[in-house]
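Residue numbers (the UniProt record's numbering): 1 to 423.
For glycine and all other residues, C-beta sits at the position ideal for the given N, C-alpha and C.
One structure below.
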Amino acid sequence: MASKTSAAVTPSGTAPWLKWTAVGVGAGAALASSMAGVVSGMALYFARQIVTPARNRDENLDILAVVGSAGQQSVILPATEDTTVEGTYSLYFQRGAGHARIGDIRSYVPREGTVERDVEKIYAGNLGAATRGWWGGAVYPSPGAMGLAEEEVRIPVEGGTAPAWLVRADAPAQTWAIMVHGRGATRAEALRALWPARRLGLTSLVISYRNDGEAPSAPDGRYGLGMTEWHDVDAAIDFAVSHGARDVVLFGWSMGGAIALQTADLSRHRRRISALVLDGPVINWIEVLAHHAALNRIPAPVGRLGQYLLASRRARKITGLAAPLDLRSMDWIARAEQLTLPTLILHSEDDEFVPIGPSAALAAKNPAFVTLERFHRARHTKEWNVDPQHWESVVERWLHAHLYGRALPGGKVPGQSSATGRP
Numbered sequence: 001m002a003s004k005t006s007a008a009v010t011p012s013g014t015a016p017w018l019k020w021t022a023v024g025v026g027a028g029a030a031l032a033s034s035m036a037g038v039v040s041g042m043a044l045y046f047a048r049q050i051v052t053p054a055r056n057r058d059e060n061l062d063i064l065a066v067v068g069s070a071g072q073q074s075v076i077l078p079a080t081e082d083t084t085v086e087g088t089y090s091l092y093f094q095r096g097a098g099h100a101r102i103g104d105i106r107s108y109v110p111r112e113g114t115v116e117r118d119v120e121k122i123y124a125g126n127l128g129a130a131t132r133g134w135w136g137g138a139v140y141p142s143p144g145a146m147g148l149a150e151e152e153v154r155i156p157v158e159g160g161t162a163p164a165w166l167v168r169a170d171a172p173a174q175t176w177a178i179m180v181h182g183r184g185a186t187r188a189e190a191l192r193a194l195w196p197a198r199r200l201g202l203t204s205l206v207i208s209y210r211n212d213g214e215a216p217s218a219p220d221g222r223y224g225l226g227m228t229e230w231h232d233v234d235a236a237i238d239f240a241v242s243h244g245a246r247d248v249v250l251f252g253w254s255m256g257g258a259i260a261l262q263t264a265d266l267s268r269h270r271r272r273i274s275a276l277v278l279d280g281p282v283i284n285w286i287e288v289l290a291h292h293a294a295l296n297r298i299p300a301p302v303g304r305l306g307q308y309l310l311a312s313r314r315a316r317k318i319t320g321l322a323a324p325l326d327l328r329s330m331d332w333i334a335r336a337e338q339l340t341l342p343t344l345i346l347h348s349e350d351d352e353f354v355p356i357g358p359s360a361a362l363a364a365k366n367p368a369f370v371t372l373e374r375f376h377r378a379r380h381t382k383e384w385n386v387d388p389q390h391w392e393s394v395v396e397r398w399l400h401a402h403l404y405g406r407a408l409p410g411g412k413v414p415g416q417s418s419a420t421g422r423p
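Pasting the structure below:
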């Protein structure tokens, strides 16, 4: 869920307002009014957008100019809420075939509505010929681009095999990190955690899962918002255990956080899961979907009807879901006392896609197991992009304490230099 889409993602269970919605639907059908038809159509569209993977990204950012020669280039872009935030990001172009790493802001002219930023590296494509693209947080295209040795492995899952990157620790590791990207993103989103995991002596497995464009699609071709995807994470734990892992740490971004929580709750390997590290996670789908309904100016009753359709067995033919989605079972605020794994949440105060409120509520209700680290100006799942040294040091200090039973001396991170080891 790392990327912004036109609608949110959320199934609803059996909350009281769903009964009210069901009554409203029945009344509307009885009246057969045109207004009821419009409302029902909007709700169905909202519901289907939530669970239908987008196969093509919207190139919604103009590339105004590329300045300078190779190795010393900058790019001029429209000034937006994303492009004017300090940090390191990606600019994708040529329908995703092109990819550039974008760095520091050189100049920002609010009255002209433009910003000029450094082009740190072009991984693919001809940026000078590009006119439109999209902004992203997945900075590196592969572990190799980070200077790390990678192996491409295939994990057996329902319907075939799913590709994953295996990045081995320097020495054989009994603890593995399994990294789960978000909705609409790819496994490249999770590469930001590779260096911290490596410095802690962990072997990392960066996975794909159903409907993400790399792994086999689910039979219904729909997102399960965590209710189905966790099976693919379970298969990744199978792989890790069969290759020497004794236990695992699950990392999850956005919807990947919801998937990690489902895995920790339902996996046959749950006793092997030693900790969770969640970045901008979905803690409560109902709140996230309500937020997206408001963001898209969808009336609240229509949004609730959309949630009802996702949860209804009778509505499967129109939503396309093989089985209804029980959002209530994924409300970790209501289930706070059931979360008994050490959990670190990193979340930005201004996350526009998955608001921080549910993360804060979970940490407040379960302080014995949940630690919340707040970031600022990072927006959705870009905490690392804004301040990679802080993100990595928080993750490493916290994980070191939970994996090895002691804090790092002097607050230092093992093996970390001022450059944090990144190219």
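Inter-stretch contact at 8 Å, needing at least 3 Cβ pairs: the stretch 75-94 / the stretch 155-162: no
Local Cβ density within 10 Å of residue 312, reported as buried at 16 or more and exposed below that: buried
Cβ-based neighbour list, residue 62, same chain, cut-off 8 Å, excluding 5 preceding and 5 following: 77, 78, 131, 132
Distance between beta carbons of residue 222 and residue 320, contact taken as under 8 Å: 5 Å
Could you give the distance in angstroms between the alpha-carbon of residue 289 and the alpha-carbon of residue 327? 10 Å
Every unbroken beta strand (DSSP E) within the stretch 217-301, with a cutoff of 3 residues, ordered by chain: 247-253, 273-279
Taking only three categories from DSSP, how would you classify residue 403? helix
Is residue 128 helix, strand or coil when you go by DSSP? helix
How many angstroms separate the CA atom of residue 386 from the CA atom of residue 378? 6 Å
Stretch pair the stretch 187-199 + the stretch 129-148: three plus CB contacts closer than 8 Å: yes
Find the nearest neighbour of residue 246 within the set 341, 310, 174, judged by alpha-carbon distance. 174
Endpoints, the alpha helix (DSSP H) within which residue 195 is located: 194-199
CB residue 280 to CB residue 380, shorter than 8 Å? yes
Please name the residue, chosen from 128, 395, 148, 248, that lies closest to residue 93 on a Cα-to-Cα basis. 128
Please look up how many angstroms separate the CB atoms of residue 202 and residue 249, rounded, as I've assumed it's under 8 Å. 7 Å
Determine the contact status of residue 332 and residue 259, defining contact as a CB-CB distance below 8 Å. no
Report the rounded CA-to-CA distance for residue 272 versus residue 207, giving the unit in angstroms. 18 Å
Near residue 216, what residues of its chain come up, given a Cβ to Cβ distance below 8 Å and the 5 sequence neighbours on each side ignored? 157, 158, 159, 160, 161, 162, 210
Rounded distance between the beta-carbons of residue 81 and residue 101, thought under 8 Å: About 20 Å separates the two Cβ atoms, so there is no contact after all.
Using alpha carbons as the reference points, say which of 366, 185, 404 lies closest to residue 338. 366
Since residue 309 contacts residue 315 with CB under 8 Å, what's their CB separation in whole angstroms? 4 Å
Buried or exposed: where does residue 55 fall if 16 or more other Cβ atoms within 10 Å of its Cβ makes it buried? exposed
Report the rounded CA-to-CA distance for residue 184 versus residue 212, giving the unit in angstroms. 7 Å
Helix, strand or coil for residue 313, going by three-state DSSP, please let me know. coil
N- and C-terminal bounds of the beta strand (DSSP E) containing residue 373: 370-375
What's the call for residue 97, buried or exposed, on a 16-neighbour Cβ count within 10 Å? exposed
Ignore the nearest five residues each way along the sequence and tell me which others in residue 144's own chain have a CB closer than 8 Å to its CB. 150
Which runs of the beta strand (DSSP E) at least 3 residues long sit entirely within the stretch 145-194? Give them in chain order. 151-157, 160-167, 175-180
Residues near residue 235 by beta carbon distance below 7 Å, same chain, minus five either side: 155, 156, 157
Thinking just about the alpha-carbon of each residue, which of 125, 197, 117 is nearest to the one in residue 148? 197
With a CB to CB cut of under 7 Å and the five nearest residues on each side skipped, what residues in its chain are close to residue 398? 344, 371
Indicate the three-state DSSP secondary structure (helix, strand or coil) for residue 380 in the structure shown. coil
What distance in whole Å lies between the Cβ atoms of residue 220 and residue 322, which are believed to be in contact at a cut-off of 8 Å? 4 Å
Nearest to residue 64 by alpha carbon, out of 114, 291, 70, 179? 114
Please work out which residues of its chain come closer than 8 Å, Cβ to Cβ, to residue 171, disregarding the five sequence neighbours upstream and downstream, and give them in chain order. 201
In chain order, what residues of the same chain have a beta carbon less than 7 Å from the beta carbon of residue 47, not counting five sequence neighbours either side? 306, 309, 310, 319
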